[in-house]
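Visitor:
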Amino acid sequence: MTTYADRTFTPPERIRNFCIIAHIDHGKSTLADRMLQLTGVVEERAMRAQYLDRMDIERERGITIKAQNVRLPWQLDGTDHVLHLIDTPGHVDFTYEVSRALEACEGAILLVDAAQGIEAQTLANLYLALEKDLTIVPVLNKIDLPAADPDRYAAEIAHIVGCDASDVLRVSAKTGVGVRELLDEVVRQVPPPVGDADAPARAMIFDSVYDTYRGVVTYIRVVDGKITPRERIRMMSTGATHELLEVGIVSPEPKPSDGLGVGEVGYLITGVKDVRQSKVGDTVTSQRHGATEPLTGYREPRPMVYSGLYPVDGSQYPDLREALDKLQLNDAALTYEPETSAALGFGFRCGFLGLLHLEITRDRLEREAGLDLISTAPNVVYRVVRDDGAEQFVTNPSDWPTGRVAQIFEPVVKVTVLAPSEFVGTIMELCQNRRGQLGGMDYLSETRVELRYTMPLAEIIFDFFDALKSRTRGYASLDYEEAGEQESDLVKVDIMLQGEPVDAFSAIRHKDDAYSYGTSMATKLRELIPRQQFEVPIQAAIGSRIIARENIRAIRKDVLAKCYGGDITRKRKLLEKQKEGKKRMKTIGRVEVPQEAFVAALSTDSSAAEKTKK
1 MTTYADRTFT
11 PPERIRNFCI
21 IAHIDHGKST
31 LADRMLQLTG
41 VVEERAMRAQ
51 YLDRMDIERE
61 RGITIKAQNV
71 RLPWQLDGTD
81 HVLHLIDTPG
91 HVDFTYEVSR
101 ALEACEGAIL
111 LVDAAQGIEA
121 QTLANLYLAL
131 EKDLTIVPVL
141 NKIDLPAADP
151 DRYAAEIAHI
161 VGCDASDVLR
171 VSAKTGVGVR
181 ELLDEVVRQV
191 PPPVGDADAP
201 ARAMIFDSVY
211 DTYRGVVTYI
221 RVVDGKITPR
231 ERIRMMSTGA
241 THELLEVGIV
251 SPEPKPSDGL
261 GVGEVGYLIT
271 GVKDVRQSKV
281 GDTVTSQRHG
291 ATEPLTGYRE
301 PRPMVYSGLY
311 PVDGSQYPDL
321 REALDKLQLN
331 DAALTYEPET
341 SAALGFGFRC
351 GFLGLLHLEI
361 TRDRLEREAG
371 LDLISTAPNV
381 VYRVVRDDGA
391 EQFVTNPSDW
401 PTGRVAQIFE
411 PVVKVTVLAP
421 SEFVGTIMEL
431 CQNRRGQLGG
441 MDYLSETRVE
451 LRYTMPLAEI
461 IFDFFDALKS
471 RTRGYASLDY
481 EEAGEQESDL
491 VKVDIMLQGE
501 PVDAFSAIRH
511 KDDAYSYGTS
521 MATKLRELIP
531 RQQFEVPIQA
541 AIGSRIIARE
551 NIRAIRKDVL
561 AKCYGGDITR
571 KRKLLEKQKE
581 GKKRMKTIGR
591 VEVPQEAFVA
601 ALSTDSSAAE
611 KTKK
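The opening position of the sequence shown corresponds to residue 1 in the UniProt record's numbering, with each subsequent residue numbered one higher.
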């Protein structure tokens, strides 16, 4: 009988772990397709475009949401090598996925469109890779396009990366030109993984997925020692122990193996059904003679945007909780806690990394769990310091403190905008209108400029990108990262019906923007709320001060219909009687607000995700 200890693992010096980082739509997934074909791990008849984009929603939108890993065989100068490729998302909302992928790599292919040049998200991902001290392989893609200008953009990349323009590789992921040479360069330039094969096993969890039939599937990168089937493992953060039912590699479909050695990337299956047992960033070690020091984990992602998710049918609340539990395993950046609303019933207050992240999450919950959901308008987290010195974090306008407030702090972000230099004036005007402070401006070349601003997060999460694209004819690209908080002059705007505040419509706004929000919400509600038997005032107020008002006219019954001529005093008597009745009803009547009005006033625009695609 062969023992697993006798199994010969791939020597670390023959392993190369790398990822592809780029701006959205610069050809990452297409380049991964050519690599799959060239290395022969996918047969021609099974090949399809964007092979590693597994989810329907990824294929429909044409974007990568989940980082995917795949093992590729490659031969250079007669020596067999193993390449581990991780295909990463390009959108700013999924930067967390990219940062996790970079932890499992020693090198990164920096992919730039030869017709568009470096974009904001390209720079953001490049800085992430440089922080991790990865080897950068600069590559220009789409050299077959008529609009391609490889010489100009090669010089631009060389200026930023600090290499020679002749070192920038040129490929066409669509036709396959230059891909073979690129893989050769990856083997030559990317350093092999470093680890101690004889030390106690240590492996980093960089991703997990939930399989209905097999439970939690955990993706790991082995740093020290080896992981073999049927041994018992321990999760170092929780102390939980499990028996390994299966260990394998992804090439590009899961394949069981005899184990994983130093530097190898693969998956574990323990049969665990509880999604909280497999935490991204945790260290896996052997139960017997295991490691004592865990690996450096990942920085916990901080939600940037909060929104409420409520089932349209209240009986689906337990189903929503279960679906969020499972989705959180696939998406470690998602946070949620129970919340109730007088208007919408029971739901969850969820934290997201951005507006597209919110839309994708809602879409996935509706598809994968068959739910029908309402999402409320997104808002950010405020830190409020009361007069007595007590602090409070506000994620929902209904949590706003009622007493006197000494200071209010709101989150700010560092915004990077890349655009043609002719649009500098319009971009600066837009950013200043959104309370932005200019941090610096650099010309990457004669025609392209990089603008850096510090802006309140609340000003950019909703429609800033739309406004930026429309003012620059679609040429500008945007990236942002959190940059702490700043003190601001913010107020809570209450919307009142018949003098009673309705929490669901309240919002936190800057003092200068409060009036426009109040008038627009009052106008919107006047059209959405049906007419009552009495006149209904809709008021927007800051504290006790009314800043806007609209009236919904009463339904008027024709009490004179039965009067055919006759004395005018008879008609006056009937009208006065009706007037008295309406006055009495107004003092005791409640305004009926239909569910549809709440949904229309609170819901995020269903096309917001399409608008925020970069």
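Where is the CB? At the ideal position from N, CA and C, for every residue including glycine. Because the structure is a prediction, the values reported are computed rather than measured.
How would you label Asn551, buried or exposed, when you count the other beta carbons within 10 angstroms and need 16 or more for buried?
Guide: Classification for Asn551: exposed.
Visitor: Please give the ranges of any alpha helix (DSSP H) in the region 301-364, keeping only runs that are unbroken, at least 4 residues long and fully inside the region.
Guide: For the region 301-364, whole alpha helix (DSSP H) runs of length 4 or above, ordered along the chain, are 317-330.
Visitor: Could you give the first and the last residue of the continuous beta strand (DSSP E) run that contains Asp113?
Guide: It spans Gly107 to Asp113 - the beta strand (DSSP E) in which Asp113 sits, taken as one unbroken run.
Visitor: Please tell me whether Thr361 and Leu320 are closer than 9 Å, where the distance is taken between their beta carbons.
Guide: Cβ atoms of Thr361 and Leu320: not closer than 9 Å.
Visitor: From Phe18 to Ile157, what distance separates their C-alpha atoms?
Guide: Roughly 19 Å between the two C-alpha positions.
Visitor: Verify whether the separation of the beta carbon atoms of Val415 and Met455 is less than 9 Å.
Guide: Going by C-beta atoms, Val415 is nearer than 9 Å to Met455.
Visitor: What number of angstroms, rounded off, separates the C-alpha of Leu295 from the C-alpha of Tyr517?
Guide: Looking at the two C-alpha atoms, the distance is approximately 48 Å.
Visitor: Please report how far the alpha carbon of Phe206 lies from the alpha carbon of Ala377, in whole angstroms.
Guide: The straight-line gap from Cα to Cα measures roughly 32 Å.
Visitor: Is DSSP giving Asn396 helix, strand or coil here?
Guide: It is coil, neither helix nor strand.
Visitor: Can you give, in chain order, each stretch of the alpha helix (DSSP H) that sits fully within the region 413-479 and has at least 4 residues?
Guide: Qualifying alpha helix (DSSP H) stretches, in chain order: 424-433, 457-460 and 464-471.
Visitor: Among Ala203, Lys226, Lys524 and Thr292, whose alpha-carbon lies nearest the alpha-carbon of Thr218?
Guide: Selected option, being the one with the closest Cα: Ala203.
Visitor: Please classify Pro420 as buried or exposed, where buried requires at least 16 neighbouring CB atoms within 10 angstroms.
Guide: By the 10 Å Cβ count, Pro420 comes out exposed.
Visitor: Helix, strand or coil: how does DSSP classify Ile552 here?
Guide: In this structure, Ile552 counts as strand in the three-state DSSP scheme.
Visitor: Alpha carbon to alpha carbon, how far is residue 615 from Lys571?
Guide: Nothing in the structure corresponds to residue 615, since the chain is present only between 1 and 614.
Visitor: Is it buried or exposed, residue 625, if we count other Cβ atoms within 10 angstroms and call 16 or more buried?
Guide: Nothing can be reported for residue 625: it is not among the residues displayed for the chain, which extend from 1 to 614.
Visitor: Could you check whether the Cβ of Gly518 sits closer than 9 Å to any Cβ belonging to chain B?
Guide: Absent from the structure is chain B; it holds one protein chain and no more.
Visitor: Buried or exposed: where does Ser257 fall if 16 or more other Cβ atoms within 10 Å of its Cβ makes it buried?
Guide: Answer is buried; the Cβ neighbour count reaches 16.
Visitor: Cβ atoms of Met428 and Leu438: under 9 Å apart, would you say?
Guide: Yes. Within cutoff.
Visitor: Threshold first: 3 residues or longer. Then list the beta strand (DSSP E) segments lying entirely within the region 179-264, N to C.
Guide: Fully enclosed beta strand (DSSP E) runs of 3 or longer: 202-211, 215-224, 232-235, 241-243, 246-250 and 254-256.
Visitor: Along the beta strand (DSSP E) that carries Ile20, what are the first and last residues, could you check?
Guide: Ile20 -> beta strand (DSSP E) spans Ile15 to Ile21.
Visitor: Are three or more beta carbon pairs between the region 482-496 and the region 509-516 nearer than 8 Å?
Guide: Enough Cβ pairs lie closer than 8 Å, so yes.
Visitor: On the criterion of 16 or more Cβ atoms from any shown chain inside 10 Å, does Phe393 qualify as buried, or is it exposed?
Guide: Phe393 comes out exposed.
Visitor: Under 8 Å: does the beta carbon of Arg452 sit that close to some heavy atom of the ligand NAP?
Guide: You won't find the ligand NAP in this model; it holds no ligand whatsoever.
Visitor: Taking DSSP's pairing of strands, which residues face residue 619 in a bridge?
Guide: Residue 619 lies beyond the range of the chain shown here (1 to 614); nothing can be said about it.
Visitor: Sorted by chain position, which residues of the same chain lie with C-beta nearer than 6 Å to Leu525's C-beta, five sequence neighbours on each side aside?
Guide: If we look at Leu525 and ignore the five residues flanking it on each side, its Cβ neighbours are Ile538.
Visitor: Does Gly266 come out as helix, strand or coil in the three-state DSSP assignment?
Guide: Gly266 falls in the strand class under three-state DSSP.
Visitor: For Glu58, does the count of other Cβ atoms within 10 angstroms reach 16, so buried, or fall short, so exposed?
Guide: Residue confidence for Glu58 is low, a pLDDT of 45 falling below 50, so the modelled location carries little weight and cannot support an answer.
Visitor: Using CA coordinates, which residue listed in Ser307, Ala458, Gly440 and Leu457 is at the minimum distance from Glu450?
Guide: It is Gly440.
Visitor: May I have the straight-line CA-CA distance separating Pro11 from Val384, to the nearest angstrom?
Guide: Rounded to whole angstroms, Pro11 to Val384 spans 56 Å at the Cα level.
Visitor: Closer than 6 Å by C-beta to Arg214: which residues in its own chain qualify, once you throw out the five before and the five after it? Chain order, please.
Guide: The residues are Ile269.
Visitor: Do the region 366-376 and the region 300-319 meet, that is, are 3 or more Cβ pairs less than 8 Å apart?
Guide: Touching, per the Cβ criterion.
Visitor: Nearest by alpha-carbon distance to Lys142: which of Leu111, Cys163, Asp164 and Pro338 is it?
Guide: The shortest C-alpha separation from Lys142 is found at Leu111.
Visitor: If Leu260 and Val250 are in contact, beta carbons under 8 Å, what's the gap, nearest whole angstrom?
Guide: Going by Cβ atoms, the distance from Leu260 to Val250 rounds to 11 Å, so no, they are not a contact pair.
Visitor: Is the distance from the Cβ of Gly263 to the Cβ of Val223 below 9 Å?
Guide: The answer is yes: Cβ separation under 9 Å.
Visitor: With H, G and I counted as helix, E and B as strand and the rest as coil, what does DSSP make of Pro150?
Guide: Of the three classes helix, strand and coil, the one that applies to Pro150 here is helix, per DSSP.
Visitor: Might you give, ordered along the chain, the residues of its own chain that have their beta carbon closer than 7 Å to the beta carbon of Trp74, omitting 5 neighbours on each side?
Guide: Here the set comprises Thr39, His81, Leu83, Leu183 and Val187.
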